[in-house]
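To start, the structure under review is shown below, and the notes come after it.
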Ligand SMILES: [Cu+2]
């Protein structure tokens, strides 16, 4: 990645005018959803292009809400009370990812900007 940037920067004459930003690690953004009969919050906003970790914590027995389905990621998380499970992905710009119970009675979403 660094080499590619360097070559591009050289080719486009950027070197000398813009200092390359070489960060040690890519940033990771995190978001949490608590399931307590409903999703709290029901809508999560993430930044596009930055790796994200989204966690679901089951606070109380929420029936079929104990299972979270994220169709866009082909993920199904089965939770026990007190348990937290996470999914990791990199949201794309203007992407909306739904998360829901298997019967789609509980509905939440991740919006990437
Ligand atoms: Cu349901």
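Numbering (my numbering), first residue to last: 215 to 327.
Backbone N, C-alpha and C fix where the C-beta goes; we use that ideal spot for every residue, glycine too.
For residue 321, the enclosing beta strand (DSSP E) begins and ends at 321 to 326.
For residue 302, the beta-bridge partners assigned by DSSP are 267.
Comparing alpha-carbon positions, the option among 263, 262, 282 lying closest to residue 252 turns out to be 282. Here residue 293 carries a coil assignment [DSSP, helix/strand/coil]. Residue 245 has 268 as its beta-bridge partners, per DSSP. Fewer than three Cβ pairs drawn from the stretch 287 to 294 and the stretch 258 to 266 lie within less than 8 Å of each other, which leaves the two stretches out of contact.
Setting aside the 5 residues that flank it on each side, residue 256 is surrounded in the same chain by 322, each with a C-beta closer than 6 Å to its C-beta; the list follows chain order.
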